[in-house]
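Here the numbering used here runs 698 ahead of the position in the sequence shown, where the first position is 1. Note that the Cβ used here is the ideal one computed from N, Cα and C, for glycine as well. Note that the structure is a prediction, hence the values are computed from the model and not measured. Report on the following structure.
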Amino acid sequence: MENKQRSAKRVRRESSTGNSPQLARELGLMRRRSDQHESVSFVGSASGIHFVQSVYNAAANESPGAIKSPDQDTVPGEDDQLPPSLVNRGANKLWKASEILESDEFSFERTGSGLFESLLEWSQSFWDNWHPAYPFLHAPTVLEWFQKVSEVGIPNIESCLDGHKIAILRSIMSISLADRRSCDEETKLEKVPHQLVFNSFSKAIESVQSTLVNPPDMEALQSLVTVELFLISILRHNAASRLGGLIVRMAFQMGLHRCPARYPTFTAQERELRQRLFWTIYCIDRHICHSLGSPLTIRDDDIDVCYFEKEVHIADATQSQVLDDRLAMLNLLGRHAEIKGQILELCHKSINHRKAEHDQANVINGSIIKWSNDIEQFLDNYATDSQPLSPAHQIVLTVLKHECIIALERPLLTGPNDPRYNNAIASCVSSARSIIKSLSMDDWNARLALLWPSMTWAVWMSAFVMLFAAIKEEITRSSAIRCADQSIEILDRLSLRGSVWPSACAAAIRDLCKRLNHDIPVAHDAQHDVDREIKPMNESVRQRNNQPALEGTLGDPQGQQQANINTVGQPFNGNFAFNDMPPTLVPSHSAFDVRDIDLFDGFDLPLPFYLGNDQYAAWMP
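Quick look at the structure:
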């Protein structure tokens, strides 16, 4: 009887899809925290959780004694998965004494043009690296606010700016201050007065709470987006996701999802700013949905906002449509976000509604190629020394292209070994190599590219793809380990920004590298704990011996060698304890003690999802 039921289910599935071959499926994970029975959370398959667990399962088959069942799994950016004792400590300060000026002496002494120049200097990283990608603010207006502050002095900032303006200003300054850590500029710039930054995550959220009770307007929405951007820049994706839900609903209420060119009431400047704000919200939303595996908040069939160079609602059909170079990056990011949404809809919807047909995957792959070709064609129109996109942003676009390829092809890696699998593994390995190679260059542009919030995920996933390919004997183990070592160096630099996630990802990669170097379970091979020397971190990273806190202190080369002895040989059995991490591996910018965190507890769950009376159980063979 049971066999007949299974056969009937199989027939229904096959008949519902016709003759078109289907892609393999990845599944999300429902979790209940052992310390909080009522706390249930879900991470979707788009985050990569299914694939990562599959990699650990493959490694476990070679070292069956080194795995044990976990009680939770996480992906980078899930701040909700921090232990409750740390989640409730959001009031802790984000910055160290060498970064901000607690005293008011400086503020009282400085007014006028000198203070205005300081405000420009403190916010320079935002204008150079974030505003070209997400130009949702009207820069001249913000500079007018700077001028007002310089006239009254920083202690009197509330007398000249309202709450929304102050939230925007503090978000800009906080993002720029965090950028200093990644760019080795902490000692080159003067301290920032504490009144100009958010001193805790809680303060950042509280600064925009009034938007919940007041009618929405552009300035209120801009303040929310700047706070959201600050949160994703330091990998607080759960908090940013909740804030993003409010942002999207406010955007809908304001009609931002409708093309402003359709309505004659808007001036040309208003139309452009509304488009800039909408596409910024759209891009950030797609980033968060991909990172957490969440359903799309903004669906493409609900919007009709045109891209900047393809306005179809202009009354005068003869009007020239020339793309403003300053909007080129956002225009390309918007098209990328659209492709990413198509991938999420194809491969990661609820199982009952997935139609992951191979032909549709080919269409999306063609869109990725066309998007990449359009970037090259756009850049070819300019001389090398007058490119509209900075070299760092060009690296970001390259990484984003390969992110899409991996996201599209990755579901096939856990499917049957057939021609489609062979094509998928080759594509994923090629893209993973490209991501690691693009970000491992030791130059200024590669460092600036690391400011992009998806880089931790991209490097982490790329390393796992390479190690999975080695386990499956698609590439040599030595090649995979070389790429993994490079990814660890990149993550070491990413950890300078102050998030604990890059260090946790690096620890997971180190463990898998160790397993690949042994034919017996790591747990029974302690005598060879140091048989492989992990490449030291980049020299510029290792020299930062006194780094302070969004999280620890990066140590000297000798300390790094000791860190390898203490950590590389330990089995990653789902209980990687930050209590045992040497200081050399823990970033020194934490708002809390990261040694209390077990972020990757149970990342090697033997089954990719929990079985139960739910929609996934029917897909078990």
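Could you check where the alpha helix (DSSP H) with Y980 kicks off and where it finishes? A966 to L990
May I ask which residues mark the beginning and end of the alpha helix (DSSP H) holding G1039? A1026 to C1045
Measure the alpha-carbon distance for E888 versus E797 and round it to whole angstroms. 8 angstroms
By alpha-carbon positions, which one of A1167, D1141 and N827 ends up nearest to T1112? A1167
Buried versus exposed, by CB contacts within 10 Å (16 or more), N1029: buried
Taking contact to mean at least 3 C-beta pairs separated by less than 8 angstroms, is the region 929-946 in contact with the region 975-983? yes
So Q973 and P914 are supposed to be a Cβ contact under 8 angstroms. How far apart are they, rounded? Q973 to P914, Cβ: 17 angstroms. No contact.
Answer with buried or exposed for L792, where buried requires no fewer than 16 other C-beta atoms within 10 angstroms of its C-beta. buried
So L867 packs on L859, CB below 8 angstroms; how close in whole Å? 7 angstroms
Spell out a yes or no on whether the region 895-913 and the region 834-850 are touching, meaning 3 or more CB-CB pairs, one atom from each, closer than 8 angstroms. no
Could you check what DSSP says for V890 in three-state terms: helix, strand or coil? strand
Just to confirm before moving on: does the CB-CB distance between A1105 and L1042 stay below 9 angstroms? yes
Kindly provide the ranges of any alpha helix (DSSP H) runs that are 4 or more residues long and lie completely inside the region 932-969, ordered along the chain. 935-951
As assigned by DSSP and simplified to three states, the class of L927: helix
Cβ of A937 within 9 angstroms of Cβ of L927? no
Taking the alpha-carbon positions, what's the Q1075 to V1094 distance? 17 angstroms
Below 9 angstroms between beta carbons: does that hold for R1108 and G1039? no
Distance CB(A1161)-CB(I1134) smaller than 9 angstroms: yes
For I1188, the three-state DSSP class (helix, strand or coil): helix
For L792, name the three-state secondary structure that DSSP assigns. coil
Could you check which residue in M1027, A1059, A1026 and P891 has the C-alpha nearest to that of I1037? A1059
By a C-beta neighbour count over all protein chains shown, 10 Å radius and 16 as the cutoff for buried, is A1182 buried or exposed? buried
Can a CB atom of chain D be found closer than 9 angstroms to the CB of L929? In summary, chain D is missing from the structure at hand, where a single protein chain is found.
Going straight from the alpha carbon of A1130 to that of L975, what length do you get? 32 angstroms
Quick one: is I1218 buried, meaning 16 or more other Cβ sit within 10 Å of its Cβ, or exposed? Unreliable positioning characterises I1218 in this predicted model, as indicated by a pLDDT of 33, which lies under 50. The coordinate reading is nonetheless provided below. Exposed, since its Cβ has fewer than 16 Cβ neighbours within 10 Å.
If you drop the 5 nearest sequence neighbours on each side, which residues of the same chain put their C-beta closer than 6 angstroms to that of L817? F844
Check whether the region 1147-1160 and the region 1116-1125 are in contact - that is, three or more C-beta pairs closer than 8 angstroms. no
Could you tell me if A795 is buried or exposed, where buried requires 16 or more neighbouring beta carbons within 10 angstroms of its beta carbon? exposed
Quick one: Cα of V1061 to Cα of K1099, how far? 15 angstroms
Please check the pair S1136 and V1097, which I expect to be a contact at CB under 8 angstroms, by giving their CB distance rounded to whole angstroms. 6 angstroms
Looking at the secondary structure, which residues open and close the alpha helix (DSSP H) in which F1162 lies? M1153 to I1169
Can you tell me whether W1142 is buried or exposed, with buried defined as 16 or more other CB within 10 angstroms of its CB? exposed
By Cβ distance, which residues of its chain are closer than 6 angstroms to E1172, with the 5 residues on each side in sequence left out? I1123
Taking the DSSP output, what are the residues bridged to L799? P891
Pop quiz: E821 and I870 are said to be a contact at Cβ under 8 angstroms. What is the actual Cβ separation, rounded to whole angstroms? Correcting the residue identity first, residue 821 is Ser in this sequence and not Glu. Correct: roughly 5 angstroms between the Cβ atoms.
CB contact flag (I1066, C1102, <9 angstroms): yes
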